[in-house]
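S.K.:
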Amino acid sequence: MERGAPGAPITHQEAFWLATAGGAEALDLPTGSFRVGHEFDALLIDTTAKASNIHIIPADDTLDDVFQKIVLNAARANIATVWVSGRTVAGQ
Numbered sequence: 109m110e111r112g113a114p115g116a117p118i119t120h121q122e123a124f125w126l127a128t129a130g131g132a133e134a135l136d137l138p139t140g141s142f143r144v145g146h147e148f149d150a151l152l153i154d155t156t157a158k159a160s161n162i163h164i165i166p167a168d169d170t171l172d173d174v175f176q177k178i179v180l181n182a183a184r185a186n187i188a189t190v191w192v193s194g195r196t197v198a199g200q
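With my numbering applied, the sequence shown covers 109 to 200.
1. At 4 residues or longer, and completely inside the segment 124-192: list those alpha helix (DSSP H) runs for me, N to C.
2. Would residue 155 and residue 162 qualify as a contact pair, given that the criterion is a beta-carbon distance under 8 Å?
3. Just grab the DSSP bridge partners of residue 196 for me.
4. So, at 6 Å on beta carbons, what are the nonlocal neighbours of residue 150 in its own chain, with the 5 sequence-adjacent residues on each side left out?
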């Protein structure tokens with residue numbers, strides 16, 4: 109993946125990729141993407157959680173805006189459910 113100019117900040121899309129598919133690829137782990145044979149490790153993010161600092165404006169925010177807010181601002185309070193290897197390990 110090309111990043112552009114040396115020292116340039118990464119985008120929220122790049123940060124998400126590095127934390128998921130990119131990280132799994134670097135560690136040679138079968139997770140990080142929706143592929144046959146890969147583990148299902150995931151978080152369900154609740155943007156309306158009581159202590160959430162994610163503020164979505166439905167009339168103004170695009171899907172990418174919402175994604176960026178989640179990637180940059182989600183905190184422990186926003187994690188509603190956690191799956192590891194397809195099993196619920198926390199939350200609902």
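Heads up, the beta-carbon is just placed ideally off N, CA and C, and yes, glycines get one too.
M.R.: The short version:
1. 129-134, 171-181
2. yes
3. 191
4. 191
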